[in-house]
Each structure stands twice: as C-alpha cells, then as structure tokens.
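In my numbering, the protein residues as written are 36 to 665.
For every residue, glycine included, the Cβ atom is placed at its ideal position computed from N, Cα and C.
Scroll down for the structure; my scribbles are underneath it.
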Amino acid sequence: MAKKQFKAESKRLLDLMINSIYTNKEIFLRELISNASDALDKRHYLSLTDPKYSAEKKDLKITIERHQDTRQLVIEDHGVGMNAEELEKNLGTIAKSGSAEFRESLEKAEKNVDIIGQFGVGFYSAFMVAKHITVESKAVKEDKAYSWTSSGDDGYVISEIQKDTVGTRIILDLKDDTDDEKYSKYLEEFTIRDLVKKYSDYVRYPIEMECTKSAPDPTDKDKTIETKEIETLNSMVPLWKKPKSKIKPEQYNEFYKGKFNDWEDPQKVIHYNVEGNVSYTALLFIPSKAPYNFYYQDFEPGLQLYSHNVFIMDKVKDLVPEYFRFVQGLVDSDDLSLNISREILQQDRQVKLIAKSIEKKIQSALEDMLKNERSEYEKFFDNFGLNLKYGIYKDYGMHKETLQDLILFHSSKDGKYVTLKEYTERMPKEQKAIYYACGKTINEISALPSMAKLKEKNYEVLYFLDERDEFVSSIMQKYADHPFQSINKGDLDLDSEEEKKEKEKKTEENKDMLTALKDALGDKVKEVRISSRLKDDPVCVVADEGVSLEMEKYMSQDPMNPNKVKASKILEINPDHPVFAKLQKVYASSPDELKDYASVLLDQALLIQGLPIEDPVAYAKKVADLLVKA
C-alpha cells in the first residue's frame, strides 16, 4: 500500500520523540504495556456480551520478547486487536490533535516535553527508543490481519499480512547506541524486569518474559548452569486490595501515574473500604495539577468501575458529583454485576449509595486538608477552586451547603486567602454584611475609591478576582445569616447618625447643583448624590439595586447577546474633595460649563471601575480644555 503522511501536529510531536528531547525515555514500556492491558480489558468486556469473542485464560497475558541479535524488543497481547481502519485512526493521528490547546502546548513542548504524558500519546513515546516500529494486529471480529510500519519522520504504511492469532504484536527496532544513550539496555533482562516492577506491577494481566535462571550443576557442585524459562514479572495484586498499612506513598504515586496517565504525583490519596449493605473499596486521587483540558467540553470525568477485581467500565460519571469531577480513581465492588450497563448503572440503588459515600469521603478529605494542611489546600484551590464555585451556582445553589466552607477568597486582610467561616468569625460586632469588591487584581481592588470607608472602619473586604465570584455570592445570598454586599452597589449604610445628618444637610444645600449634574448626564446615570463612602477620591460610580457593575462587564463580553445588560448607575461625589468646591464655583458662576465637568467625572469613575466610556476622544478633549481653563 502507498505510504501515508502523519497529520501536522502528529508529525511535530514525532519529531520531538525522534530527536529525544525528553530524558525519561524508559516510560515507553509503561505506555505500551498499558495499551496492551487496555486491549485485553476490551476483549474481556466484549466477551461478556458475546462469548465467541472470549480468549482462553492462558492467552490473557502480555508477552515481552528480547532479541539481542536483531536489536528488537517485542510487546505482544491477545487483546481486542485492530483492523486497518483502527490502525489508521489510532496510530496515524493523535486524539484531539486538531485542538487549539494541543497546538499551543506543542509550542511549549519544544522546551518542556511533559506534553507526552499530558496528552496521553503513549504509543508515540516508543519512537524515543526505536528507529523503526512494526505493529501487527488482527481484530477480534475480523478475518484479515494488518501491519502498520513507520520510521516516524517518513510517514507510515498499512498492509495486509498473514496473522493467525487475535491481538497486537509491536516490534521495536531499537536505535543505535550513542555516547549519550545506550538503547541496547532495553534488551537486558534486568532493565525490563526493573521497569515492569517500577511502572506496571499492578497490571492485572501476567506480563511474561523469558528469563535466565541459575541453578547448581548436578554434575559439579562448585558450578552453576543457566537455564531459560518464562517468568511472570508483575505481582498482579491490585494495589487497592492491599492493606493501607502495607502500601508506601511511592507505590500509590507510581500506580496513579501509570494508571491515569499523569506525569506528576497526586496531591492527595483517599483509600478506604466499606463493609455493609453495599461493600466496596475506593482508591481515589486528587491530582497535583488540573489536566490541560479540565475546563473544556472534551474533558471526560468519572471513576473506573471494577467488580471482583475485573474491569467493568471507565469514566463512570454517576460515581462522583460534577463539582468533584477532578477526582481520579476507581471503585471495586463485589456486589455489582459484571455485565451491568451504563443505563442500568444510572438507576442502580447500590451505585447511588456508593456515590453518596464517595461524595462524603471527598468532602471530608478536603475539609481535613483545609484544616491541617492549609498551604496544600490553597494549592489545590488554585487548581480546582473554580469547579467548586461552579458547583455552588449550578442547579440554583442546591449544593451550596456542601461546598460553601471549601471555597476561598483573597481579602483586604494581608491579601491572603480566607474562608467564609474565618471571615465571619473575625467580623466586628457592629458589622452586619459580608463586604466584597470585584476586580482583576488585588492591587486594582485595594485602590478602588469605595474601599476607603471600609478601611477606615477596619471592615475586611473579600476580593472577587474571578468574574464568576459574584454569581456565587448571588446564589448563596448570605452566609451565617450575614448577607453579601458589594462595596460598589446600593447604600452601604456605614454612617453614624451624626454623619447621616451631615450628609442630608449637604445634599439639601447642593440639591440644585446635583440636579444640574444629573440633567447634564441624562440617562447615563439614575442619580447624582453626595457620597459617604469616599475619602480621598473625588467621585465614584456605583450600581443601584439589581444588575451590578461587574455583571454588566461580564454580560457585555457575550457576542451572542445583542441586548447588553446595563447596571443602573449612580454617580457619587465626595463633598470634602477640592473638586466639589470647584463644581460649586462653576455652578455659581457659569452653570452651562457644568456639563463638561459632569461628563469628565463620570468617564473618570467608569474607567476606574474598568468600564468602557462612550467616547474616549471626546473625553480626552474635554480634559485638555478643562486643564487650559484651570
């Protein structure tokens, strides 16, 4: 058959592999063994619905062959196999390689090839050690067999071949040794044995290889003779079935990285057994970092499901709530049927009981981390906090009681993370509301004019740095009977009785000027009023009740929404600022000039809030004109 070329992104990734940028080349064996194990799982699952596709027990294994004379390493399985179309799909392209995220990561990969594990392109890792690869495969439902051959950079060829047994045989022609790299070590018994133990010890199928055994020479007790025999290299004891006390942290780490295609150790391990109406074992992991596509639609959450140590299905969403979808892991229950379907799974009472228990365990583990490992929890929250927030405002706050004590916000107290519980417990007695302010950075929020009054009263302010934070607070409405209150919305009601009287007096004395300012601005603002929240700044703009300034900004980003949602704005003026005295003077002498001052002050207040102004050119001209008049 004619030679075919790899897709563009696949070719670039292959170039990285062939040029050996990534130093940890040994993982290729783990990846190929994992693929073989998956193929055996698929054949087993297929046999549950149609016994004619089953394999003999002796064939449910992975075989490794070492051929020193030809410098070939062979990995073979009797799994589900692949036909020509599947070889093309699985080996000719990389899943999701057309995505923008993948292309961006490829750019970074030229400096950091962690992308190899991040994108699950395990088969391609074999090109780090092989100069030529041959894949011979016969699919379980096919009569014909096919080979896929490639040297990586020159494309690949798929041909029909003669192969009697179902499954896949991968033949690696190893690269020549160099001064920097000895590729022939992958033909050594010790190396292969060590790599299998390190990465694939818990694969539940035997990994067999011909090994050398030494035994006493029966004819000469001072000598030994070497024999060859097939040996199983892996323990095959599922890690989750071992007592926790017998498992070392590094064993958990290696199991997680091999099983769930991560390059880093998990941040948290949750391993427990339940005996009762429903008995099961769960081994759960919280990753150290969010997967590259975690916040994209193509991310598939869910746990693996086993029964009697036998794999049933992958990505079972029903076992973990969506707001904990970052959790990786598996559940093994002898109470579940081996041939349970996804449809039955959704209605299965036992599965629902398991899922509820898992939810509580995850919640408890996070609460414990928050209490006893604060710095670790803050790292976790930086990765997955957005998902917890999403869980609060999804389904109209149905899960807020579960999640509200797990979310963190930065605050005006040292700019550090704080929980809502910590915030409310240190509130002054006279403080009634939980105050918050929205912005892109801590510095931006702390410099807001409306922060002044709260700083003066020593009231802590939560910093909503994510555009979804205000949606969370609007769903929650209150915490511990304290309502959420934006510092840029409505009346903060922070004045003493004396201050209120003084404000009323100044409002009455300047009511005509305030009315003139409002008339000058028209429907751009609902009201112009004396401010009690400003200290050093001349003006600020706040929202009336209803849509907030932050929600207006968020909604305006939606290109599909032609009818932009607008906040009802109020312009507040500081009566103790020199600008106010200037306004009084202008109004008394030249009332018609007040319009330009009003326009400049509103635009200034909008810019401080990060809101667009109507006419930047006109604003700049008015500022210049007023500077000339000053």
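In the DSSP assignment, find the alpha helix (DSSP H) that holds THR550 and state where it starts and stops.
The residue labelled residue 550 in the question sits at position 515 within the sequence shown. Note, THR550: alpha helix (DSSP H), 546-556.
8 Å contact criterion, which ALA400 and VAL366 should meet: CB distance rounded
Within the sequence shown, the letter at position 365 stands for residue 400. Within the sequence shown, the letter at position 331 stands for residue 366. In this structure ALA400 does not touch VAL366 by the C-beta definition: roughly 15 Å separates them, more than the 8 Å allowed.
Could you check the C-alpha separation between HIS79 and PRO241 for me, to the nearest Å?
In the sequence shown, counting from the first residue as 1, residue 79 sits at position 44. In the sequence shown, counting from the first residue as 1, residue 241 sits at position 206. Going from the Cα of HIS79 to the Cα of PRO241 covers about 15 Å.
Check ILE608 in the structure and name its three-state DSSP category.
Mapped onto the sequence shown, residue 608 falls at position 573. ILE608 falls in the strand class under three-state DSSP.
Can you find the residues in the same chain that come closer than 6 Å, C-beta to C-beta, to CYS246, ignoring five residues on each side of it along the sequence?
Residue numbering aside, residue 246 sits at position 211 when the sequence shown is read from its first letter. Once the five neighbours on either side are set aside, the close Cβ partners of CYS246 are GLU224 and GLU266.
ASN312 in three-state terms, based on DSSP
Counting from 1 along the sequence shown, the entry for residue 312 is found at position 277. Three-state result, ASN312: coil.
Start-to-end residues for the beta strand (DSSP E) that takes in MET433
As a working mapping, residue 433 is identified with position 398 in the sequence shown. Neither: MET433 is in no beta strand (DSSP E) and is coded neither H nor E.
Straight-line CA distance for LEU661 to ALA633?
Walking along the sequence shown from the start, residue 661 turns up at place 626. Walking along the sequence shown from the start, residue 633 turns up at place 598. For LEU661 and ALA633, the distance between alpha carbons rounds to 12 Å.
Should ILE196 go down as buried or exposed, given a rule of 16 or more other Cβ atoms within 10 Å for buried?
Start at 1 with the first residue of the sequence shown, and residue 196 comes out as number 161. Looking at its Cβ environment, which holds fewer than 16 other Cβ atoms inside 10 Å, ILE196 is exposed.
Based on DSSP bridge pairs, tell me the residues matched to MET244.
Position 209 of the sequence shown, counted from the start, is the residue given in the question as residue 244. As computed with DSSP, MET244 is found in a beta bridge with ILE99 and GLU266.
For LEU340, tell me which candidate among GLY311, ASP370 and TYR221 has the shortest Cα-Cα distance.
Start at 1 with the first residue of the sequence shown, and residue 340 comes out as number 305. When only C-alpha atoms are compared, the closest one is ASP370.
Beta-carbon contacts of LYS601 that lie in its chain and below 8 Å, excluding the five residues immediately before and after:
Indexing the sequence shown from 1 puts residue 601 at position 566. Excluding positions up to five away in sequence, the list reads VAL582 and GLU587.
So, does the segment 445-460 touch the segment 341-355, judging by three or more C-beta pairs under 8 Å?
no
In three-state terms, what does DSSP make of LYS449?
For the purposes of this step, residue 449 is taken as the residue at position 414 of the sequence shown. Note that residue 449 corresponds to Asp in the displayed sequence, not to Lys. If DSSP states are grouped into helix, strand and coil, ASP449 belongs with coil.
Could you name the residues of the same chain whose beta carbon sits closer than 8 Å to that of GLU264, not counting the 5 residues immediately before and after it, in chain order?
Position 229 of the sequence shown, counting from 1, holds the residue named residue 264. Contacts found: GLU245, CYS246 and LYS248.
In chain order, what residues of the same chain have a beta carbon less than 6 Å from the beta carbon of ILE480, not counting five sequence neighbours either side?
Stepping through the sequence shown from its first residue, residue 480 is reached at position 445. Cβ neighbours of ILE480 beyond the five flanking positions: ALA472, GLY474 and TYR498.
Residue range of the alpha helix (DSSP H) that includes GLY474:
Taking the sequence shown and counting its residues from 1, one reaches residue 474 at position 439. First-last for GLY474: undefined, no H or E at that position.
ASN422 to ASP530 span [Cα, whole Å]
Walking along the sequence shown from the start, residue 422 turns up at place 387. Walking along the sequence shown from the start, residue 530 turns up at place 495. Straight-line Cα distance between these residues: approximately 38 Å.
Based on Cα-Cα distance, which residue from CYS575, LEU556 and ILE427 lies nearest to PHE506?
The sequence position of residue 506 within the sequence shown is 471, counting from 1. Looking only at CYS575, LEU556 and ILE427, the smallest Cα-Cα distance to PHE506 is reached by ILE427.
Under a three-way DSSP split, which group does THR184 fall into?
By one-based count along the sequence shown, residue 184 stands at place 149. In this structure, THR184 counts as strand in the three-state DSSP scheme.
Span of the alpha helix (DSSP H) around SER399
Locating residue 399 in the sequence shown gives position 364, counting from the first residue. Annotation: the continuous alpha helix (DSSP H) that includes SER399 extends over 384-407.
Within 10 angstroms of the Cβ of ALA655, are there 16 or more other Cβ atoms? Answer buried if so, exposed if not.
Within the sequence shown, residue 655 is the residue found at index 620, counting from 1. So ALA655 counts as exposed.
Are the CB atoms of LEU405 and ASN312 nearer to each other than 8 Å?
The residue given as residue 405 occupies position 370 in the sequence shown. The residue given as residue 312 occupies position 277 in the sequence shown. Their beta carbons are not under 8 Å apart, which means LEU405 does not touch ASN312 by this criterion.
First and last residue of the uninterrupted alpha helix (DSSP H) at ARG228:
If you number the sequence shown from 1, residue 228 lands on position 193. Note, ARG228: alpha helix (DSSP H), 224-234.
On the criterion of 16 or more Cβ atoms from any shown chain inside 10 Å, does LYS146 qualify as buried, or is it exposed?
Looking up residue 146 in the sequence shown gives position 111. Its pLDDT being 45, under 50, LYS146 is placed unreliably by the model, and the measurement read from it follows with that caveat. By the neighbour-count rule (16 or more Cβ atoms within 10 Å), LYS146 is not buried but exposed.
One question on the structure: do GLY127 and VAL175 come within less than 8 Å of each other, judged by their Cβ atoms?
Locating residue 127 in the sequence shown gives position 92, where the first residue counts as 1. Locating residue 175 in the sequence shown gives position 140, where the first residue counts as 1. The answer is no: Cβ separation not under 8 Å.
Here's the rule: buried if 16 or more other CB atoms are within 10 angstroms of the residue's CB, otherwise exposed. What is ILE442?
In the sequence shown, residue 442 corresponds to position 407, counting from 1. Burial is judged here by how many other beta carbons sit within 10 angstroms of a residue's own beta carbon; ILE442 has at least 16 and is buried.
Would you check if the distance between the CB atom of ILE97 and the CB atom of VAL109 is smaller than 8 Å?
Translated into the one-based positions of the sequence shown, residue 97 becomes position 62. Translated into the one-based positions of the sequence shown, residue 109 becomes position 74. For ILE97 and VAL109, no; Cβs fall outside 8 Å.
With three or more C-beta pairs closer than 8 Å as the rule, is the segment 461-471 touching the segment 545-557?
no
Run the CB neighbour count on ILE260, radius 10 Å, all protein chains shown included, and call it buried at 16 or more, exposed below.
The count along the sequence shown starts at 1 and reaches residue 260 at position 225. The residue is exposed, with fewer than 16 neighbouring Cβ atoms inside 10 Å.
Note the first and the last residue of the continuous alpha helix (DSSP H) segment covering GLU505.
Start at 1 with the first residue of the sequence shown, and residue 505 comes out as number 470. Per DSSP, GLU505 belongs to the alpha helix (DSSP H) from 504-511.
According to DSSP, residues forming a beta bridge with PHE519
The residue given as residue 519 occupies position 484 in the sequence shown. According to DSSP, PHE519 bridges with ILE469.
Sort out for me which residues DSSP pairs ARG564 with in a bridge.
Taking the first residue of the sequence shown as 1, we reach residue 564 at position 529. For ARG564, which the question treats as bridged, DSSP gives the partners GLU607.
Starting from ARG78, trace the alpha helix (DSSP H) both ways and give me its first and last residue.
Here the question's residue 78 lines up with position 43 in the sequence shown. Residues 62-84.
Residue range of the beta strand (DSSP E) that GLN107 falls in?
Taking the sequence shown and counting its residues from 1, one reaches residue 107 at position 72. Looking at the DSSP string, the run of the beta strand (DSSP E) that includes GLN107 is 107-112.
Out of VAL309, LYS283 and PRO326, state which residue places its alpha-carbon closest to the alpha-carbon of TRP298.
Reading the sequence shown from its first residue, position 263 is the one you call residue 298. Distances from the CA of TRP298 to each of VAL309, LYS283 and PRO326 were compared; the closest alpha carbon is that of PRO326.
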